[in-house]
Amino acid sequence: MEGELRFVLCHRRRCFFIFHRQPLLKFFAFSDSAEDAVDHRLPVRLFATDRFPRRRLNVYSRPNILAFLRHVLRGSPVFTWIRESPFGKLFDIPARQCPVSCKLIHGLLSRQLLCNQEHTMWTVFGKDPLRFSLEEFGTITGLNCGAFPEAYEAPDHNQKGSNKQKGAHKDPMWKEIIGKYNNITIVDLEDELENDEEMDDERRFRLALIIIVDGVLIASQQIHRPTLRYVQMLGDVDAFLEFPWGRDSFLHTVRCMKPPKFEKGKLVEDRVGMLVQKLKQSSFCLTGFPLALQLLAFRAIPMLQSKIPAPPNELTIMELTEPNLPSHPSIELDSVLQVEVNPSLLVTPIIPTVRGPQPGWGVWPNVEADEKVGYMEQLIANNHLFTKSMWPGGDCSEPVFIVTPPPQQPPHKKHTVPRKRKESKLKPRKCSKKRASTTSQRRITRLFAASS
1 MEGELRFVLC HRRRCFFIFH RQPLLKFFAF SDSAEDAVDH RLPVRLFATD
51 RFPRRRLNVY SRPNILAFLR HVLRGSPVFT WIRESPFGKL FDIPARQCPV
101 SCKLIHGLLS RQLLCNQEHT MWTVFGKDPL RFSLEEFGTI TGLNCGAFPE
151 AYEAPDHNQK GSNKQKGAHK DPMWKEIIGK YNNITIVDLE DELENDEEMD
201 DERRFRLALI IIVDGVLIAS QQIHRPTLRY VQMLGDVDAF LEFPWGRDSF
251 LHTVRCMKPP KFEKGKLVED RVGMLVQKLK QSSFCLTGFP LALQLLAFRA
301 IPMLQSKIPA PPNELTIMEL TEPNLPSHPS IELDSVLQVE VNPSLLVTPI
351 IPTVRGPQPG WGVWPNVEAD EKVGYMEQLI ANNHLFTKSM WPGGDCSEPV
401 FIVTPPPQQP PHKKHTVPRK RKESKLKPRK CSKKRASTTS QRRITRLFAA
451 SS
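In UniProt numbering, the protein residues as written are 1 to 452.
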C-alpha cells in the first residue's frame, strides 16, 4: 500500500528499522548498550551525524598543469631534470583519479572532527575515522615534507598583507625569469614556455618550477600569478629544490580546511562557527593542493574508485599522450553517498606511511596534545568497530539527510509470445496432371513383368 510505514524489530538490539516502499538506510536506534551510546571521549563532529551541507567548492589548484608540462617538455633535458627532482613523483599520480570532485572533498570537510591538532584534520566517512596529516600528504604526493629552514614561516594568505607583490617587476630575479611586467599570470608563462623556441633550458626549467609551485601546489588565488618570494628563491636552484615544498603546500591546504584563525585580515573569534558558515555558503574557496585529500580518500576507501565514471586503468600522468588530464566527469555526490551507506564499506583510518629521507619529515614541533584524539587513535590501534551513533556533537542546523538506495532492477528475461497456428486437416496429395511419356511407360511395364 502506497505511503505505508512498516516497523521491523531487530532481535539482537532494541532498534527499529523503518521502511517506506523502499528500505531507507537511515535507522533510529533506542538502546542502552555501550555499542550504540554516544561516546563523549571521542572528538566532537563539526556537523551532527547525517546533517551535512551539500554545497560547492572553488578549488584554485590546477592539476592539469602537470599533464601540460609533460606534453610540452616531452623528450627534453628540462623534463628529465624535473622528473629527477623532488617534484618528479607528482607525475606518478593516477590520471584517472585526478579530475577534482568538489562534492567528495566538500563532504569530507563537512564530516570532519574538531581537534586541537593544528596541522591534522580528522574526518569520519560512514562510521570510521580517517586522518589527513602531513604524513599522508607526503605519502600521497612524494614531495619533500622535511623541516623548514630555520627562521622560515609560511605566510597565512588570510592574514593582512600576506599577498603583497607591489613593485615585483623591479626585482632583478623577477626581470631575469619572469620579465618586465608585474601582473603576468601563470597562463602567460605557460604560453611562453610552449611557444618560445629560442628560450634556453635554464630559464625553461625555472619557469616550469614556478608554474608547478604557484599553479598546482600553492595556489592561493583564482587567477594564478607567480609569487615574488618564490621567484627570488630561484636565484639558487639547488636550494629551491631542497626546500620542503610538500610541507609548505600542506600548510596552505590544511589551513583553509580547518577552523580559520584569520578572515580577510582580521582575527576570528568564533573559529568553528566561521568554518560552519563557510561550508554552508553557496561556494567555499580552497587554496593549496586539495587533490591530495581526494587521492587519500581513493586510497583509504577503495570502493570510491569503482564510482569514478571512467573505465578502470592504471595510467599515470607520466604515461599520458595528450596535453590534458582525462576528460571524464569527477565522482558525483550520489555515488559518494551510496558508498558511505554500503554494508561492505571498508575504511583504512590511517594509511601506511612511506617516509622521506629528509630530517623532520612529517613531524611538527611543539604539537599540542589532544586527549580525545589520543583515545580515538587507541581505539583504531585496537581494531575497534566504530558506529555512526557513537560520534558526539555537531551543528544541527541542516536537516537530517537520509539516503535511499536505488531500486534493484530484476534480471532481464526474454519475453516470448505464443503464436496461434491455423488448424488444418490433412488433405489428399494432388496427382500431377502431366502424363508419362511412352518410353517411361514401357520401362515401368518391363519392371513389373520382371518382378512377377
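For glycine and all other residues, C-beta sits at the position ideal for the given N, C-alpha and C.
- Beta-bridge partners of residue 58 (DSSP): 285.
- Distance from the CA atom of residue 86 to the CA atom of residue 208, rounded to whole angstroms, is 13 Å.
- The beta carbon of residue 327 sits closer than 7 Å to no other beta carbon from its chain once the five residues preceding and following it are set aside.
- When C-alpha distances from residue 353 are compared across 140, 52, 117 and 108, the shortest belongs to 140.
- Comparing C-alpha distances from residue 337 to each of 241, 304, 274 and 323 shows the shortest one belongs to 304.
- The beta carbons of residue 288 and residue 144 sit no closer together than 7 Å.
- The beta-carbon distance between residue 125 and residue 340, rounded to whole angstroms, is 6 Å. This is short enough to meet the 8 Å contact definition.
- Rounded to the nearest whole angstrom, the CA to CA distance from residue 205 to residue 241 is 12 Å.
- In terms of CA proximity to residue 217, 138 leads the group 372, 236 and 138.
- Of the residues 330, 43 and 37, the one whose Cα lies closest to the Cα of residue 370 is 43.
- The shortest CA-to-CA distance from residue 40 to any of 372, 230 and 306 is the one to 372.
- Around the CB of residue 227, 16 or more other CB atoms lie within 10 Å, so the residue is classed as buried.
- Look at the beta carbons and you see the stretch 41 to 61 touching the stretch 391 to 406: at least three pairs across the two are nearer than 8 Å.
- Taking the C-beta atoms as reference points, residue 309 is found no nearer than 7 Å to residue 323.
- Cα atoms of residue 181 and residue 155: separation of roughly 24 Å, rounded to the nearest angstrom.
- The secondary-structure analysis by DSSP pairs residue 266 across a beta bridge with 263.
- Scanning the stretch 305 to 332 for uninterrupted beta strand (DSSP E) segments of 3 residues or longer gives nothing; none is fully contained.
- Secondary structure at residue 117: coil, using DSSP grouped into helix, strand and coil.
- Using a C-beta cut-off of 8 Å, the stretch 63 to 74 makes no contact with the stretch 107 to 124, since fewer than three inter-stretch Cβ pairs fall below that distance.
- Annotation for residue 127: 386, 387 and 388 place their beta carbon closer than 6 Å to its own, counting only its chain and skipping 5 residues before and after.
- A straight-line Cα-Cα distance of about 7 Å links residue 300 and residue 349.
- Annotated as proximal: residue 110 and residue 279, with beta-carbon spacing under 7 Å.
- Counting of Cβ neighbours within 10 angstroms places residue 396 among the exposed residues, the total staying below 16.
- Annotation: residue 199 to residue 193 spans about 8 Å, alpha carbon to alpha carbon.
- Spatial neighbours of residue 142 in its own chain (CB-CB distance under 6 Å, excluding positions within 5 residues in sequence) are listed in chain order as 89.
- For residue 44, the pairing in a beta bridge is given by DSSP as 114.
- Using a Cβ distance threshold of 7 Å, residue 177 and residue 224 do not count as a contacting pair.
- Beta-bridge analysis with DSSP links residue 124 to 129.
- Between residue 123 and residue 134, the C-beta spacing is not below 7 Å.
- DSSP places residue 302 within a helical segment (H, G or I) once states are collapsed to three.
- When the Cα atoms are used, residue 357 and residue 320 turn out to be separated by approximately 29 Å.
- Contact check for residue 58 against residue 256 fails: the beta carbons are separated by 7 Å or more.
- Taking C-beta separations shorter than 7 Å and ignoring five residues to either side along the sequence, the partners of residue 391 in its chain run 42, 45, 49 and 124, following chain order.
- Residue 201: member of the alpha helix (DSSP H) spanning 201 to 212, first to last residue.
- Per DSSP, residue 82 is one residue of the alpha helix (DSSP H) stretching across 77 to 83.
- When the beta-carbon positions are compared, residue 258 and residue 121 come within less than 7 Å of each other.
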